[in-house]
Each structure stands twice: as C-alpha cells, then as structure tokens.
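See below for the structure under consideration.
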Amino acid sequence: MNKALMKAVKEYLVLLLVLGLVLITAVIEPKFITSGNMTNIMRQFGPLIMVAMGMTFVIIGGYIDLSVAGIMSLVAVVTLSLIDPIGQVGAIFVGLLIGAAAGFLNSLVITRSGAMTQAEGLFISYGMSVLYGGTALLYTGGVTNHLSYIESNYSLFTLIGSGTVGIFSVSFIIFLFLLLILYIFQNFTYTGRAICLTGGNKTAANLTGINVNRTIIIIWTISGFMAGVSSIVLFSRVTTASPVLGKGFELNAILAVVVGGTSLKGGKGSVARTVLGAMLVILLSNSMNLLGVTVYMQNVMKGLLLILAIWLDNLKGRR
Amino acid sequence: MKNKGLGKTITTSIVKYKAFFAVLVMLLFMLFPRTNFYSVFNILDMLNSASILMVVSFGLTLVILAGGIDLSVGGSLVMGGILTILSMNVMPMWLAILIGTLSGAVIGTINGYIIVYHKTEPMIVTLGMSIILTGIAQELTDAHPISAEGLSFMMIGNGRIFGTIPNLVVIMLVVFAVFYVILRYTQFGRNLYAIGGDYEVAKYSGINVRREKAATYVLAGMAASFAGVLLSSKLNSASSIYGDQTALTVISGIVVGGTSLAGGVGGVGRSLVGLLVFAIMENALNMLHVDAYIQQVIRGIVIVAILALDSYDRKRRREDV
Amino acid sequence: MANKENDIILTMTGVVKTFPGVKALDDVSIQVRRGSVHGIVGENGAGKSTLMKILSGVYTKDKGTIIFDGETIETTTPHQAMQRGLSIIYQELNLVNTMTAGENIYLGRFSEVNGMKGTHQKAREALDRIGSDIDTWTLVQDLSVSRKQMVEIAKALSFDSKLIIMDEPSSSLTQDEMKALAKIINQLRSEGISVIYISHKLDEIFDFCDTVTVMRDGKVIDTRPVEEFTRMDMISMMVGRSIEKEFPERPRKVSTPLMEVEGIKTKKLHDISFTLNKGEILGLVGLVGAGRTEIVRALFGADKIKAGTIKLDGEVVAIRNPRDAMKRGISFVPEDRKQQGLILPFSVENNISIATLKNLYKFGILDKNKERQIAEKHIKTLKIKTPTARTAVESLSGGNQQKCIIGRWMEIQPRILIMDEPTRGIDVGAKYEIYLLMKDIVENGGSVILISSELPEVLNMSNRVLTVCDGRINGEFDPEKASVDEIMAKALGVSVEGAMA
Amino acid sequence: SEQAGPPTVAFSPGDMANPSQAFAAKMFQKYGPDYGLNVIILDGKGDAQVQAQTVTNAIAQGVKAIYVNPNDVNAIIPSLQQAKQAGLIVGMFSSDVPAASASVRNFFVGVNDLMAGETAAEAFKAAFPNGAKVIEIGGQAGHDAQIKRHDGFNKGIAGSNITVLEYQATQQWATEQAMAIAEDMITKYGEEIDGIFCHWDNGVTGVANAVEAAHLSKDLFIVGVDGNMAGFQQVRDGIQDVTVMQNFEAQAKKTLELTKTILDGGTVDAINFVPLDVVTLKNIDTFTPPEW
Ligand SMILES: Nc1ncnc2c1ncn2[C@@H]1O[C@H](COP(=O)(O)OP(=O)(O)OP(=O)(O)O)[C@@H](O)[C@H]1O
Ligand SMILES: Nc1ncnc2c1ncn2[C@@H]1O[C@H](COP(=O)(O)OP(=O)(O)OP(=O)(O)O)[C@@H](O)[C@H]1O
Ligand SMILES: [Mg+2]
Ligand SMILES: [Mg+2]
C-alpha cells in the first residue's frame, strides 16, 4: 500500500540516507568496502557505542546525561595510574567501579534534589561533568600518561585495544556481549519495563508501585558504568590517557541515540536502535573522511542529520 | 492560622533569592582577604567582562520563559562576529554591524520555524543548529581567527563613557532595559509567561502561541549575534571557537538566577543576577590565586549545588501542596 | 418564545469528526436558541467535548456546516471564536498555574485592559460578579481545584460573549459555589446570552437547562425541552438500555476492624485517627482542600508521615511508600488521572498491567500473553471503549481512562481500595458499574475508602461517613440516620444552628 | 593593595587542560623564586574571551608583569594594550603578536608555531630528497597552534616535491580523533603514503597505533611537534621519526630573566627566539628528557 510505503520511508529515512551515502562513497572510493576499512569502522565504533548504549537508558528514563565525558576522563587517568600499584585486573575493576560510582553519584544528586525534568537533569549532569573533568585534571596535574610508561604488564589493555578474535576485534566482542545483556535487560526484565514507565510519567509510575528513585539510580549508574567501559576501551585503543579524553563523546552519543530513533520525550526506545544509530554516526564520519570532506562540512552534515532525525521522530509520533 | 517561624521565613527567602544571596555572601567574604577585589577598576572590569554573556542571557531568558531552550546561541554569537568583520571590508561599519546582528535573527527564525511549526524538540534542534553553525563558521574563516582593519570598530568594545564606565556595560544596561520593558509592559511579554506556564492554555486563550514562541528564538538569536558583534569588537577578532561554552554557561547562569527551565517563571533581572554570581566567583577565585584545576572543581560543585537546590526547592513546594 | 430564524444563535448540521480508530462525531446536528441554556448529556466518550472543541476551534471538523450568529463558519481558531463571541470553559482545567488569577482571567488581553493595573481591576470586577472573594494576585497553583474552577468561570464570563460553553464546570465546586453558578446561569439567560451546559450530574441538568440533547457514540439520540424528559428515560437514552436505579443496594457486610489509624500527622494533617472495618465502605466528606486527599495519600505512602501509626489486622505496619502500601493490599485511584494515574503514551494494556507487573515475570521474563489476557478481561468487564488493547491510553475519553485505572487495581484484588473522586467526569452507566465493583470488593471481605464531592454518592454507598475539615477529622455519621444538613454543617466546620440559619 | 615581599607576576596559559601549557605554568612557578618573582597562574580555559579577562584581572591585582600564551593572538591585543597602559610589563609567550601591534608588548619569548611547521617540513625534505607523499593531521580546528603549524608546514614544503595527499584537522586535540583520521587515510591511500605529519606528539601516539595495525609493507616517516614524554618515547621506540621540540623550561626562564632585567632598569631585546630542537633517534640522548 502507498500509505504503508510512506510510513516505512518515514521510519527508515535516516537509514536510507546513510545507505545512500554508503553507496555513493563505495562508488567514488572503492576502498570504502575493503576489509581493512571494515576493521577500522569496527574499532572506531567500540568506544562510541558503549557510551551510546548507556545513554539510551538515560534518555528512555526521561533524562540526558552530559557527564559521560567527565566520567571517561576520570576513569582513564585513574585506571592508568593504578596499573603499577595494583595490577591490570585490579585497575580495570577500580576503573569500572569509578564509572559506576560517578553515575550513581549523579543519580543521588538527582533523586535527592528531586530533579524530575529532562532539563534539570541535563544541567546537573553538565555541572557533574565539569566536576569530574576538574578532578581528573587535579589528579594528574594536567599530564597525559601513556601505557608504555608503566612498568607492569599491560597485556590486557593491548588485547582490548588491538586484539582480534577471528575477524572481530576484541572491543567488538565486548560490545556484542554487553549488547546482549542490555537488550535482554531492557526488553524482558521488570526493571527494563520500569525504566520505560518511569520515563513516561514519573508521578503515575510512583503511585502504581514502581520504585522511581531506584529506577533513576539504575539508569544513571548504567550510563556511568558504560562510560567507564568506553573509557577503558578507548584508552586501550589509543594507549594514552589524557585528562581531556572523552571530550565530544556526549554529543556523538546523543546523536547516535536520537538518529537511532529513541524518542527524547522519554518512555520509548531501544538499545538495538542505538546500535544502528551509532553505526550511522561512525559510517558518516568514515565516509566523509574517505571522500575528503573537511571537518567543517562534517559538522554541518552532523547537525543536519540530528535535526532531520528529530523531525522524523516527530512525524512518526503524529502520524 | 499558618504559624511560620522566623527561621523558616528566612530559609524560604534565601532559597527563593539564592542568586542574590550568593552574590551578597561572596561580596561580604571578599572584604576579608587582602586583594584588590574592591577597586573601581576591578568592579568595572568584572561587569565589563560579564556584560557580553549577559546580553546573550537576556534574549535566551525569553526563550526559556516561553518554555523553550536554545543551545545555538553560541553559534549565533560566532556568526555575528564573523559576519560583521567579514562584511566590514566591503561596506560601512554600521551596515556590517547590522548584518552581523541580523544574522542571529535569521538563525533564530530557522530555529523557531523548525521547533514551533514542526513541533520538534528544541534542545536537539538547537544543538544540531549549533553544530551546523560551527561548521559554517569554520568554513567561512577556514577556522582561522579573523580581525578587523583599523581601530574604530575596536573602540566600541573597549571605549569608556566619561573615561570611566565601559561602553559594554552601558550597552548591556540598554539591552537589559529593552528586554525588561518587553517582558513587563507589553502584551507579547506577558503572553510569554502564559505560553511557558501552559502552552495549551495559552493557545486556547486565543494567544498566537506559535508566532510568539517562534519570536523568542528570533530575539534570542539576535541578542546572541549582537553580543557576538560586541565580543568581536572587544577582542578585535572573530573566530569559530568563541561560542563553544556560551550556551551552557549562560543557561547555568539563567537558572541560577531563578528563571525556571520549566518555563513561565523568571525574568531578565534574575538572569542578570545569576550571571553576576559566576562573574564574581571567577573573579574572586582568580584574585585569591586558587589553582586552575581546583577552580574547575569548585565551578562544577557550585553549578550542581545551585541547580540541585533549585530542584529541591521545587520538590519541597510540590510536597507542600 | 417565537420560533424565528434570528432566535437561533447556533446551528450545527451533519458534523463529522474522526480520530484514528474512532468516529468521535457521526452526523451531529444541534440548534441552540438565543438566551437559552442547552444541556448536553451522554456517556463518557459520547463526543460532547469533541463537539465543543470543534466549535471553539481546537479541532477542525471533517464534514458538516456550522452557522454561528448568522455567519457560516468554515474553519476557526480559538482566537477567532472568541472574537465572534463564543467563549468556553474546558472540561480539563484551563489556567496557567504559574500566573496570578487576575492575569489568567485576562490572558492574552493584557493590552486591551491597559496593562497590569487594568488587568487586576477588571479581574476583580469579574470575580465580584460571580460572588467570589479570590485575591486576583494569588498564583493559580496555590488555589484549590474548586477555586480554580471559579476563576475559569470568571474568565469565560469576562468576554462579551453571545454563547458560553461550559463543559463540566461544576465537577469539583462546593455547594456555595454551585449556588453562585446557578445564579450566574440564570442571569446570563435573562441577558439573552446562550449557554451550552455539559454535565454528568443530572440534577444540574434538570435545574438549569431549557433544552437537553442526549448523545451516544458520537450521535445525537434526541433533543427535547427538559420538561419532556424524566430522569430515568434520560439515563436509558444515554446508556442505550434501561436502568432501574442510580445506586445499587448498600452492602452490609461490616465486621471486625481491618485498619486502625492513630494520630497520623503530615505537613497538612493533624492527629488523624479512625478505624476501617472489614467489609465496609467508609466515606470521607469535606470541602475540596479540606485534606481528604492528604489522608488517603498518607495511608498509601505517597506523602511523608511525621507521626502516628497505622495498624493492619492489629499489627503496626510501616508504610513509607506506595510499594509498602500495595504489598499490604492497599490500592489507590487518584483524583487527577492524567498526571497521577496514567502513563499517557503507553497502551491500555501496559497501563492496566502496571500494578501487577511483577507477577507477570516468569524467570525474569515477561509473559506478554498474560498481560494481554488481563487487559482484555478488564476491557470487557469494565466496558472500556478502546479500539484495541494496544491503543495509547491518551487517545481515550476521560471516563474510559478512569476505567483503565480501576481495572489496574481490580487486578491486585485489593483488601483496601481507596478511591479519590472515582466518578468525576464519568457517565451514569459507568458510575453504576463502579458502584457495583465497590460492592463486590466489600462483599468479598475487602474495604473501600471513598472520597467524593458528590454527596449523594457518598451517602448512598457508604456504611459510615467521616467529615474532614481543615486537616482534621471532626465528625462521624451513619449516613442512614444523619441528615444531609448535619453532615454538611460539620464538614463546613460550623454548628448546626449556623448552617440552618 | 601593594604587598610586601617579592613582586608578583602573572602567567596566563591558553588552557591548563592542555598538557604543554600546564607544563609551562609549572616551569614558571618553579623558576619564579630564582629570579625573585612570585608567579601566579590565571587560566585562559581555552577561550579567547576568558583569557582577555585574565589579563584585566591581572591588572586589577596590581601585578608587575603579565605573560600570555594566547589562545587567539588578535583577540588578546586590546587587553594587553590596557595592561601596557596600566604600566605592566607585557610578555608574549610562545606566540607573538603581529608586527603591527608590536607596541602592546615589551618582549616575546618563544618559538613560533609557524617555525614548528616549517621545521617539520624541513625534516620531510631532508628524509625524502626525491619527494614524498604525506598526510597531514591537524590539531583542533581553529586553535592558534593548529593554524600556525599548518601554515608553517605548507610554507615549508612550498616549491619542494613533497606533496600533501590530504589534510584533515580534528575537532579536539584528542588522540582518538587523530587515530581515526589516520585509519581512514591509510584505508584511502594505503601504500601511496610515505609519511605523516601530525600536529602534536600525543596525536602521533594514535597515528602510530593506526599505522601499526595496518601492517603496511613499508615504514612510514612520522613527524610530530612538542617533544614531550610521549614524543621522546616514540622516537626512542622507533615509532616516530622526528619530534619538533619546544623547550618550555628555557622559555620560562628566559621570560623571567627579561622581566628581572626590566625591573632592574635594564633594557631587553623585543624578540627572543628559543630555538626549536629537532629530536631524532640519533640525537635524542643529547636532550634532557621532558617532564610532560
Ligand atoms: N485527541 C484525540 N485523539 C484521538 N481520539 C480522541 C481525541 N479526543 C477524543 N477522542 C475520542 O473521541 C471520542 C469522544 O471523546 P470526547 O472527549 O468528546 O467524549 P466526551 O463525551 O466528552 O466524554 P467524557 O464525558 O468522558 O468527557 C472518544 O472515543 C475519544 O476516545
Ligand atoms: N480556600 C482556599 N484558599 C487558598 N488556597 C486553598 C484554599 N483551599 C485549598 N487551598 C490550597 O489548594 C491546595 C490544593 O487543593 P486540593 O483540592 O488538592 O486539596 P485536597 O486536600 O486534595 O482536597 P480534598 O482532599 O478535600 O479533596 C490545598 O492543599 C491548599 O493548599
Ligand atoms: Mg468530555
Ligand atoms: Mg482532593
């Protein structure tokens, strides 16, 4: 039917546009479809998708998390500094713990203060990001550290950063594993549903027995934890941990979630869609780089894509 | 019947006028350490530095009052500066300034059109717009800072009236007065409170909600690009990276001042005080020689604390009723 | 009255309006005479509000013609409608909470009335006209629901209107305010202004209206002068079947104490103590704002309790949040269904399943079939009008939304069901079903706490009535013995003599 | 209020979140006492406007001298003019103002980032006398250092047979962004590439990782700027061939020394270049290892 076609076009326009872009790129620059490039894409995809998956839960729950960049830098500098004193496993463990703890701290500020709206959460998390970033700078005195400066063994980080299993990079395997967990968590568990309901109407959810505060704590903690995972994957990949690592990730993550089709109004969305969205964001910058488009024009394209995505989301909503 | 203790009344008013009290506390505190904080030069300098962001905040306050948000003011600010300086080479200065200022109106019109007439999420549309504007600004300047020839343009942002009061402070006060009158004494201004308070109700009451809500974005864009003109004049330079932090800084100031992000409550006077909080804080921290990284930590804590206090105040009142 | 052409202020012919999945209006034709009060009644979802919103320009019609004051109207906006002389009190409160009462009355007309000073002057006049003492400088958010409704009425009257539409203006008015409204309506009639009056309270319809239109399922069933209706046939036209009576037989199964409340204190409550027995329907009577809602919110764990104890089956229980309450079999139908009851963008089935959601998980995985079955069961038994169980609950009419909430709580088979204004804005047929549900619960050993501003409802359904005044319980009555005046006087906090005088 | 004790001077780094500038600030504080000066740091926070404020703030504090490592050279001029008028000693650090505005400052100490770019170009010309094809990866688009290193590099290779296959700047000075661009460029040009010029050593870290992962059949010639710990390590490890080092320690000392001279009534040269060092595996052991 014509109507059904229209609906499908609306639903998948962003996807179609990017497929178009991929086709054009592949024609102009055949190297785009080489296996080497696919490996590139897979690697670049890792750190972004981790943050974006965490961000998805926050957005479904009716908030936006701007603190991920600050968390990422804090986790990176602390983890790296701990490898020598407590070993790589311990360092990774503490790093992830710091990520989760930072997310948890965000949620405490939010639940204690009763910041129930998206905008309130946005600006509180912005302040938290400034705070975490400042702490990272304070911790390192502004110095960038490198994996190779340390004395102990850092094979785990090498493995995460550049190891492969078959055709997949290790970071991609980590992603698949986390995706599976988060997908099941979101779609089949009680808490997953509770997150959606909370995002839909916090007052009503509370009055029907949903533990809203607990839900809020969970989503922010997930986001903080995922930022921690992302941070470790990222600095394993680039082998340095600077106190400004992660800058710009919050925007790209939001872009990935929104382009993927999760509604910013809260209540609805899915991690699976975010995977698609993150894919698109990475593909976009990859193909633009290959086509020799300047970073200036890439910005323009990104902004347009974001506006287009939100406009489509709205069309879908209205039908 | 209600028997509120004096203590409670005081707490309530402190919470309500928290920005004002924060200013007061900081001013009192700075009496003690031996610094040059209380010199005419420093006080005027502080106001001078703050005035550009204040101009941005006045326009943005209208948007927030009407229940919207604009994260693209940084982009408008950048475009205002760049277009003014680029145009100045080929036309008279006043025309260039006009073009720079109007660029924000054009940006605001596009924002307003997409947000209001297509009912889209303002936060994301303006975020997208700010990314686009950064790209355009980089394209226009090849990401190089550009500066104007000659000194006349620079004089606007660096001159002083009667040799003492900085031009920028005077201009800021004039812009403030304009926006104050709009909000307080015009139909349009009052309608914004209704639109932000309850969009549907405003609509059903016969207010042309779409046009007026869209107009707030135009005004915000214009105020921001005018601020960009002022900034370029002050620095005698325009660059694609000047606007990076503008939106978040200014909005934090507006909220700290007491304009509700939920819309419908607040005003430009509050925004002025809110931005003053940050201006005084930055100045005092520098005066006290606080380490740069500790400054950042303190800034984060202050933003979080004041916003959380704001939310907490609303929560308390919610539970009261 | 002569039946001349210019005696007709409004003619609507063949109006059709379709929403996705619902034909809300199906060939509706209505004529309203100048200077008359025209009642419209009908079940929830009959299309009354939709019809009015088309008139006021909120919705556009799909088909049909509208002639207002001799002028054919194709499309209109709220603004144009007001300029033509049509004002409306919407069913949902329609005020800006963050602004003052005065500014609300002259919303969007700031310059017409010469600024802030003029606004408050004229607003004062408008409120005086309806005999209300509300301060024009109070923020609307600080007013009680009934006072808000009075502000709405003042606002609608402040226009120079030829036709005023009132869509359930009285759903939470106090009796005094009700009397003031009656006076206003009579005055409007005598000034030659027409009123369209929509209400589920049939007493009001019979008191105020000259002509009444009955609607059902988006169609007009009949329009007659009010004298030609009896109460019972109006009801049977509305529900499409005959109804014997408005209230079922009062249940009589009261036995031993179930819940004992002792000395509860919250921000707004002082020393609340009472007992709820098994098999009892306990009514709470009081003015809006008296604290009835606060009492039940405290019992449900929605507000913080500062002092006092709650005993269930003789044992002290700690109820710190709604979950604690639900674990003990307490359930709560709140008064504001959109803000507090429903997750609007979610489907009917999701909304019904919330309270029992945890039980629908087998090994941590949701049983979606079971969720669907539960929803279908309640859609059927409560006669919820919805295209499917997957329809978003926001597109249902007010009454049907309320039924979704009730269905949700029926599913947990509550021991104590708290209902705060459960029938506000609900049609007679549905009301009767809700009464039967209450009866069913108490007859199976549960108890009900009922809050309602409709006195007949409380008096006919309850076994016992408590009066609430100013955050305290100040009286207890047997509704079969005490007189209405006695109860009202207590609720108002005056002596019986005072009330009689 | 005038304070007893050593005279106070202020250093305004472009951004304390930038390691090189944080290091320079540390050097100022370390060596200040040696010259009888008390140094305070006023962070420019990566923002031209904030940095202009730090200058006027320094005037308000009554410091004797202000040194600026500008985020935007043109934008800082008006406030420096004020400082000069207020009687402060004004020093440009690392980047100098345009010649036309030379009067706003007493002296300039540092290397020019233009020269850093040119020096990088020289390294390529020396390594590839017969010409080469290179990729250039820039720092944060719009930043002073990025602009000058790029312009200097272009100037340096002009007329030679070194050709830039492609130039791409990053959004931030972020290692992962340099890495992503390097990966994409290697995909696009593969074996065609002879060398990569990346604007900063920490970016080179990412570039080197990308090169290693690509398993190209030939060894790429990689040049970075900074000469920091990462750069040194990479040169030692043979990953990076050249790092163009700017010696912040020497620059800070020179700045303090000039200030002392002026305070003591002496006169100084306006322009004081601290030479850039070209660090390669051959000469690396002749340099003091950097601390940042
Ligand atoms: N905005 C809307 N979108 C979709 N359907 C709607 C909308 N508004 C109303 N409807 C549907 O139109 C029908 C008529 O609704 P309406 O609100 O007019 O009923 P009503 O007679 O006023 O009922 P009540 O007495 O409960 O207020 C209902 O079936 C309702 O679900
Ligand atoms: N007469 C009044 N004047 C001013 N404010 C009032 C008045 N009556 C009530 N209020 C305020 O409005 C608030 C909201 O009223 P609301 O109708 O929700 O009260 P309530 O306690 O739920 O009523 P009830 O439980 O009796 O139905 C009250 O809590 C009170 O603070
Ligand atoms: Mg209705
Ligand atoms: Mg109530």
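From first to last, the protein sequence lines stand for chains A, B, C and D. Mind the numbering: the first sequence is residues -17 to 301 in the numbering used here, read in order. Mind the numbering: the second sequence is residues 0 to 320 in the numbering used here, read in order. Mind the numbering: the third sequence is residues 467 to 967 in the numbering used here, read in order. Mind the numbering: the fourth sequence is residues 15 to 306 in the numbering used here, read in order. Note that the Cβ used here is the ideal one computed from N, Cα and C, for glycine as well.
Closer than 6 angstroms: residue i CB and nearest ligand 1 heavy atom
i: THR516 (chain C); result: yes
i: ASN268 (chain A); result: no
i: GLY513 (chain C); result: yes
i: SER702 (chain C); result: no
i: VAL488 (chain C); result: yes
i: SER637 (chain C); result: no
i: ASN817 (chain C); result: no
i: GLY864 (chain C); result: yes
i: SER522 (chain C); result: no
i: SER861 (chain C); result: yes
i: PHE812 (chain C); result: no
i: LYS510 (chain C); result: In the sequence as presented, Lys is not what sits at residue 510 (chain C); that position holds Asn. Yes, ligand 1 has a heavy atom inside 6 angstroms of this Cβ.
i: LEU105 (chain A); result: For clarity, residue 105 (chain A) is Phe in the given sequence; the question names Leu instead. Outside the cutoff, so no.
i: PHE485 (chain C); result: yes
Any C-beta of chain F under 7 angstroms from that of residue i
i: THR70 (chain D); result: This model lacks chain F altogether; the protein chains it does include are A, B, C and D.
Neighbourhood of residue i by C-beta distance below 7 angstroms, restricted to the same chain and skipping five residues each side
i: SER721 (chain C); result: ASN743, LYS744 and GLY745
i: GLN191 (chain D); result: THR184 and GLN185
i: GLU842 (chain C); result: ALA855
Bounding residues of the beta strand (DSSP E) (the contiguous stretch that carries residue i)
i: LYS147 (chain D); result: 146 to 154
i: LYS529 (chain C); result: 529 to 534
i: HIS504 (chain C); result: 503 to 508
Alpha helix (DSSP H) segment containing residue i, residue limits
i: SER95 (chain A); result: 70 to 95
i: VAL82 (chain D); result: VAL82 (chain D) -> not in any alpha helix (DSSP H); beta strand (DSSP E) instead, spanning 79 to 82.
i: CYS178 (chain A); result: 172 to 182
i: TYR45 (chain D); result: 33 to 45
i: CYS870 (chain C); result: 864 to 876
Paired residues, beta bridge with residue i - DSSP
i: CYS212 (chain D); result: D:ILE151
i: ASN286 (chain D); result: D:VAL123
i: PHE150 (chain A); result: A:VAL147
i: TYR181 (chain D); result: D:GLU150
Own chain partners of residue i with C-beta closer than 8 angstroms, once the 5 adjacent residues on each side are dropped
i: VAL931 (chain C); result: LEU748, GLY749, LEU750, VAL751, VAL924, LEU925, GLU942, PHE943, ASP944, PRO945, ALA948 and ILE953
Residue i CB to nearest heavy atom of ligand 6 below 6 angstroms
i: PHE207 (chain A); result: The ligand content of the structure shown is limited to ligand 1, ligand 2, ligand 3 and ligand 4, which means ligand 6 is not among them.
Close Cβ partners of residue i (< 6 angstroms) along its chain, the five nearest in sequence each way excluded
i: LYS162 (chain D); result: ASP127 and LEU128
i: ALA201 (chain B); result: ALA193, ILE194 and VAL208
i: LYS212 (chain B); result: ALA65, VAL115 and ILE194
i: ALA967 (chain C); result: Note that ALA967 (chain C) has pLDDT 34, beneath the 50 cutoff, so the model's placement of it is unreliable and the number below is only indicative. Excluding sequence neighbours, ALA967 (chain C) sits near nothing in its chain.
What residues in the region 780 to 807 of chain C bring their beta carbon closer than 7 angstroms to a beta carbon of chain A? PRO788, ARG789, MET792, PHE798, PRO800, GLN805, GLN806 and GLY807
- Residues within the region 26 to 46 of chain A neighbouring chain C, beta-carbon criterion of under 7 angstroms: none
Practice prompt. Quick one: which residues of the region 100 to 123 of chain A get their C-beta closer than 7 angstroms to a C-beta of chain B? List them in chain order.
Written response: ALA101, GLU102, PHE105, ILE106, TYR108, GLY109, MET110, VAL112, LEU113, GLY115, GLY116, THR117, LEU119 and LEU120
Quiz item: Got a sec: which bits of the region 292 to 307 of chain B sit with their beta carbon under 7 angstroms from any beta carbon on chain A, in order along the chain?
Solution: TYR292, ILE293, GLN295, VAL296, ARG298, GLY299, ILE300, ILE302, VAL303, LEU306 and ALA307
Exercise for review: Pull out every residue of the region 750 to 779 of chain C whose Cβ sits closer than 8 angstroms to any Cβ of chain A, in chain order.
Suggested key: PHE766 and ALA768
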